[in-house]
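Asker: Residue numbers for the sequence shown follow our numbering, so the first one is 525 and each next one is one higher.
Even glycine gets a Cβ: it sits at the ideal position worked out from N, Cα and C.
Just so you know, these numbers come straight off a predicted model, no measurement behind them.
Can you read through this structure? Questions will come right after.
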Amino acid sequence: MLKFLSNRTINKYKKTINEINNIYYILKEYPNDLLKKQTEKLKLNIRDNKLNTNNNLIEAFATVKEAIARTTGIVLFDVQLLGGIILHNCNIAEMKTGEGKTFVALLPAYLNCLESKGIHIITVNDYLVERDAKLAQKIFSCLNITIGKITQETKYPQRKKEYEADITYLTNSELGFDYLRDNMATHKNDIVQRNLNYAIIDEVDSILIDEARTPLIISGEAKEENKLYEKAKIVSDALENKKHYKIDEKSKNIILTEKGVSLCENRLKIQNLYNINSPWLRYIINALKAKELFIKNRDYIIKDNKIIIVDEFTGRIMEGRRWSDGLHQSIEAKEKVKVEKENKTLASITYQNLFLLYKKLCGITGTAKTEENEFLNIYKTTVIEIPTHKKCIRKDLPDLVYKSEYNKWQAIAKECFDMYQLKRPTLIGTTSIEKSELLASMLRELDIPYNLLNAKPNNIKREAEIVAAAGQKCSITISTNMAGRGTDIILGGNPEKILRLAIQKYIIEKNHDKTLREEELKYSISNILKKSEIEIISKYIKIKITEDKNIENIIDNMINKKNEIKLLKIYNKLMDKYSEICQQEKKEIIKLGGLYVIGTERHESRRIDNQLRGRSGRQGDRGTSRFFLSLQDNLFRIFGGKNIQKLMTDLKVEENIPIESIILSKSLNNAQKKVETYFYDIRKQLFDYDEVINNQRKAIYRERKKILNSIFTRDCLIEYGEHTIQEMIKTYKQENNNYEIIQQILRLLNIKKSLNKEEIKNMKTGELQHFFSEQFRTSYDLKEAYLEQLRPGLIRQLEKYYLLQQVDKAWQDHIDKMNLLKEYIGWRSYGQQDPLIEYKNEGFNLFINMIIYIRQTVIYLIMRSRLIININS
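Take a look at the structure:
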């Protein structure tokens, strides 16, 4: 029970949680078929207006709790029920690592899917989508709830079916790209998403904070000369830091000096680098960014002769993603790989505005409290800390700060050596692939076995195995960023994972004649099973390996063959033995102090550091964390390590002696707060600027949807025509009855009738509008009759085609103009003008011009169409 809670917000739910548990005990007695009928019963309550989702909460949560217990053997804690209530009320729940966040999301997902409007559970990568959807499928199969999942591998025609499921698991990027593609569809049957109803975001801080710096973009190839990138790279190589340009590491920007500008102009043989008609400035700046700010094996890797981005927050590679505005091409030129064509933006949206489209939004993560103001200001959601099931007793030791980076890495390697001698499991978090491999090479020299997890493809394949083994005795695990790994580090190891790996190693051992390491022998099934039992497994594997070469599939089949009595007995025997080994090992590790987490550099955000720390001290276990830092680390360099360096010099501190100080740790926290504030301002600015185009986007997408769903598009064309006549006559009157505009109206509407110039001149505005509207309708009726004669229904197809084609073309051109406007509007601040207000005003004018252009172009095309149909075709 929640007796220890004092927070007023949380305390008010005690009664609800007790009621959920009371109904749970009643449902425990239900047979399977009766439990399955719970879903229909709760749906009927909503359908017949007996109860809304809030009134259904207690029984729905109790139903899910029983379904989880029945299918997995896990009984939800009260704090998990509390987390579910917080999510249902559209808040963000902060739950520490290992508290069972995956199960918590199922509670509000089930409750809200009873309305049959679709629920999206959104997470950061395909691995978590696959894993969580598989678990949900197992649990909800006994409640008659359908589960969909969408990954990069999901084919486009299949996506509609997946979105139609009661609950759909997907990544934030797939959700965004599907939304944009739906709003580029040319037929309503091509739309895959339903209305955005309710989203539960896993790792909500990663998606809504970290990912929110960069908008989602769908692009097509643009006609750009790739040789410009290569030439810019040659020029950038001739430029020297500080002499020809300055690097602003805070804003990740490059500023050319006068000498730099002069050298560029001489090398490129141009008069003015800043001439509006010269393309070179952007290419030179991007080439310098590629040279100085984007580092191989930190920001990207080269795979299959292509530049692949590494996510700075999760340490994963981002297949298929490219930096925009020519930056990706500049990095390709730098690394001498094939320079792909630059892309033109076809559609874009920021994550802020994408998720604000949902009627209900909530999220869950281990670290959100540091960003609660941003969640409240932008997403209107409150962060509520959920207490841990057992008190966290991890010790977070003060940072150790060394004068040089070399001494820092030496100290970390020595610490790893000491921990290995003690047999205490240790996790080392690094900030880049390069640093992780540096430490790995140092450990090799010390003859310390380790596991390395970074964005290199050969390491990613072993991700779940590496993280699951990180809690075992003697394990030394090096990892770039631990956010969103999705696998808990369990002290002593996870028996189920160990069983899978043991079978896998046995297959490899037998088929590839590979010898196991000494520490692997205690998990070897050859040392646990009798000879007769080994023969049963060997025979089974031998048959299966001829049918399927995929070892994972063989293991799945073997574990699931529980209807075969002999295999079931062997499986249970192995599980019992591994559980016993893991429990014994856990006791030994706890005596050693639990998992030891080492941070090798403070991140820009405190959240990322807290995610690393949070891997230790899971579920009340003992644990320790410590950061080893140097004055050459980025955070010190960029945000003021000079004072500390002066202090160390004044005190004559030796190179290999660290400073350990709580005051120092506090000053580092303050530096991180400054960085967080700085990046919040960037995201807020992006949000404010995108809010302008977001309102325009909504209007365009609404118009597009109306056209797409319309059966009779003639009304839309007539409306466009009348608006166009009205606008042109207004201009005609403003320009003192300029007859050339009347001629333009005639050409636009394809009206052949000759007019008396004096009569037209004497007509009032209303009369002119009425006259030309009548002429337009008559001309349109004739055009419609002509096209209908050629082929019935042709005019409607033609109308829809021209409408969608011109809306899309004009919108894409408008995005380009708005991007250019955003790029240059900042200069207005020098004229004492607010750039955002100027952007809004000019953006509005551009939007109005775009609408006028769409109307006029569609009318012109439809009135001028001259189609001849081959009757033999």
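1. Can you round the beta-carbon distance between A857 and I808 to whole angstroms, since I take them to be within the 8 angstroms contact cut?
2. For the alpha helix (DSSP H) containing R1150, name the first residue and the last one.
3. Buried or exposed for Y1421, going by 16 or more other Cβ atoms inside 10 Å?
4. With DSSP as the reference, identify every bridge partner of E909, one or two as the case may be.
5. Check whether the Cβ atoms of I1339 and T869 sit closer than 8 angstroms, and answer yes or no.
6. With 16 as the cutoff for other CB atoms within 10 Å, does Y548 come out buried or exposed?
7. Go ahead and label A1007 buried or exposed: buried means 16 or more other beta carbons lie within 10 angstroms of its beta carbon, across all protein chains shown.
8. On the three-pair Cβ rule with 8 angstroms, is the stretch 584 to 604 touching the stretch 883 to 901?
9. Can you tell me whether H644 is helix, strand or coil according to DSSP?
10. Ends of the beta strand (DSSP E) at F780?
11. If you measure from the CB of Y798, is any heavy atom of the ligand MN nearer than 7 angstroms?
12. Quick one: Cα of I544 to Cα of L631, how far?
13. In the DSSP assignment, find the unbroken alpha helix (DSSP H) run with C637 in it and report its ends.
14. For Y1400, which three-state DSSP category applies?
15. Cα separation between L1092 and N569?
16. Go through its chain and collect everything with a Cβ distance to K1110's Cβ below 7 angstroms, but skip five positions before and after it.
17. Taking all protein chains shown into account, do 16 or more other C-beta atoms lie within 10 angstroms of the C-beta of A1309, making it buried, or fewer, making it exposed?
18. Starting from C1240, trace the alpha helix (DSSP H) in both directions and tell me its first and last residue.
19. CB-CB under 7 angstroms to Y1256, same chain, minus the five flanking residues each way: which ones, in chain order?
20. Taking the runs of the alpha helix (DSSP H) that are 4 residues or longer, which of them lie wholly in the stretch 784 to 856?
21. Measuring only the C-alpha atoms, how far is T1237 from D1337?
22. What is the C-beta distance between I645 and I592, in whole angstroms, given that I count them as a contact (C-beta under 8 angstroms)?
23. What residues match up with G1123 in a beta bridge as DSSP calls it?
24. In terms of alpha-carbon separation, which member of E583, N578, L1328, R683 lies closest to K565?
25. From the DSSP output, in three-state form, read off D726 for me.
26. Please state the DSSP three-state secondary structure of G1008.
27. Tell me L740's beta-bridge partners as DSSP assigns them.
28. Report yes or no: do the stretch 890 to 901 and the stretch 1117 to 1126 share at least 3 C-beta pairs separated by less than 8 angstroms?
29. Any idea if H711 is buried or exposed, counting beta-carbon neighbours within 10 angstroms, 16 or more meaning buried?
30. Compare the Cα-Cα distances from K914 to each of D1145, L1053, I1183 and report the closest residue.
31. Express the C-alpha separation of L900 and V991 in angstroms, rounding to a whole number.
32. What are the start and end residues of the beta strand (DSSP E) that includes T692?
33. Please identify the residue among L792, H852, F818 whose C-alpha is closest to the C-alpha of W804.
34. Specify the secondary structure class of S1003 as computed by DSSP and reduced to three states.
35. Quick check on S1397: buried or exposed, where buried means 16 or more other Cβ atoms within 10 Å of its Cβ?
Answerer: So, to answer that:
1. Numbered from its first residue, the sequence shown carries residue 857 at position 333. Numbered from its first residue, the sequence shown carries residue 808 at position 284. Rounded, the Cβ-Cβ distance is 12 angstroms, inconsistent with contact.
2. Here residue 1150 corresponds to residue number 626 of the sequence shown, with the count starting at 1. That residue, R1150, is in no alpha helix (DSSP H); its beta strand (DSSP E) goes 1147 to 1154.
3. This structure cannot settle anything about residue 1421, because the visible part of the chain is limited to 525 through 1397.
4. Locating residue 909 in the sequence shown gives position 385, where the first residue counts as 1. Beta-bridge pairing links E909 to E618.
5. In the sequence shown, the residue the question calls residue 1339 occupies position 815. In the sequence shown, the residue the question calls residue 869 occupies position 345. Yes, these two residues count as a Cβ contact at 8 angstroms.
6. Translated into positions along the sequence shown, residue 548 becomes position 24. Burial call: buried.
7. On the sequence shown, residue 1007 is found 483 positions in, with the first residue counted as 1. Note that A1007 scores 49 on pLDDT, short of 50, meaning its location in the model is unreliable and no value can be drawn from it.
8. Contact check between the stretch 584 to 604 and the stretch 883 to 901: fewer than three CB pairs, one atom from each, fall below 8 angstroms, which does not count as touching.
9. On the sequence shown, position 120 is the one that residue 644 refers to. Three-state result, H644: strand.
10. For the purposes of this step, residue 780 is identified with residue 256 of the sequence shown, where counting begins at 1. Checking the sequence, you will find Leu at residue 780 rather than Phe. Start and end: 777 to 780.
11. This structure does not include the ligand MN; it has no bound ligands of any sort.
12. Within the sequence shown, residue 544 is the residue found at index 20, counting from 1. Within the sequence shown, residue 631 is the residue found at index 107, counting from 1. Using only the alpha carbons, I get a separation of about 11 angstroms.
13. Within the sequence shown, numbered from 1, the residue matching residue 637 stands at position 113. Per DSSP, C637 belongs to the alpha helix (DSSP H) from 625 to 637.
14. Lying before the first or after the last residue shown, residue 1400 is absent from the chain, which here runs from 525 to 1397.
15. Within the sequence shown, numbered from 1, the residue matching residue 1092 stands at position 568. Within the sequence shown, numbered from 1, the residue matching residue 569 stands at position 45. Straight through space, the alpha carbons of N569 and L1092 are spaced by roughly 42 angstroms.
16. For the purposes of this step, residue 1110 is identified with residue 586 of the sequence shown, where counting begins at 1. Contacts found: L1015, G1016.
17. The residue given as residue 1309 occupies position 785 in the sequence shown. Per the 10 Å Cβ criterion, exposed.
18. Taking the first residue of the sequence shown as position 1, residue 1240 is located at position 716. Run containing C1240: 1238 to 1258, per the alpha helix (DSSP H) assignment.
19. Within the sequence shown, numbered from 1, the residue matching residue 1256 stands at position 732. Contacts found: N1262, I1265, I1266.
20. Counting only runs that start and end inside the stretch 784 to 856, the alpha helix (DSSP H) elements of at least 4 residues fall at 804 to 816.
21. Against the sequence shown, residue 1237 aligns to sequence position 713. Against the sequence shown, residue 1337 aligns to sequence position 813. The alpha-carbon atoms of T1237 and D1337 are separated by roughly 24 angstroms.
22. In the sequence shown, counting from the first residue as 1, residue 645 sits at position 121. In the sequence shown, counting from the first residue as 1, residue 592 sits at position 68. Rounded, the Cβ-Cβ distance is 15 angstroms, inconsistent with contact.
23. Within the sequence shown, residue 1123 is the residue found at index 599, counting from 1. Answer is G953, F1151, bridged to G1123.
24. Position 41 of the sequence shown, counted from the first residue, corresponds to residue 565. Scanning E583, N578, L1328, R683 for the CA closest to the CA of K565 turns up E583.
25. The residue labelled residue 726 in the question sits at position 202 within the sequence shown. If DSSP states are grouped into helix, strand and coil, D726 belongs with the strands.
26. The sequence position of residue 1008 within the sequence shown is 484, counting from 1. Its pLDDT being 47, under 50, G1008 is placed unreliably in this model, and the value from its coordinates should be taken loosely. Three-state DSSP puts G1008 in coil, outside helix and strand.
27. Walking along the sequence shown from the start, residue 740 turns up at place 216. Answer is I873.
28. Contact between the stretch 890 to 901 and the stretch 1117 to 1126 is absent, because fewer than three Cβ pairs lie under 8 angstroms.
29. On the sequence shown, position 187 is the one that residue 711 refers to. Flag for H711 reads exposed.
30. Here residue 914 refers to the residue found at position 390 when the sequence shown is read from its first residue. Per the Cα distances, D1145.
31. Start at 1 with the first residue of the sequence shown, and residue 991 comes out as number 467. Start at 1 with the first residue of the sequence shown, and residue 900 comes out as number 376. V991 and L900 have their C-alpha atoms spaced approximately 33 angstroms apart.
32. Here the question's residue 692 lines up with position 168 in the sequence shown. It spans 691 to 695 - the beta strand (DSSP E) in which T692 sits, taken as one unbroken run.
33. To locate residue 804, count along the sequence shown from 1; it is residue 280. Between W804 and the set L792, H852, F818, the nearest pair of CA atoms involves L792.
34. Against the sequence shown, residue 1003 aligns to sequence position 479. In the structure shown, S1003 sits in a strand (DSSP, three-state: E or B).
35. What you label residue 1397 is simply residue 873 of the sequence shown in a count that begins at 1. Per-residue confidence for S1397 stands at a pLDDT of 41, beneath the threshold of 50, marking its modelled position as unreliable; the derived number appears in the next sentence. Burial is judged here by how many other beta carbons sit within 10 angstroms of a residue's own beta carbon; S1397 has fewer than 16 and is exposed.
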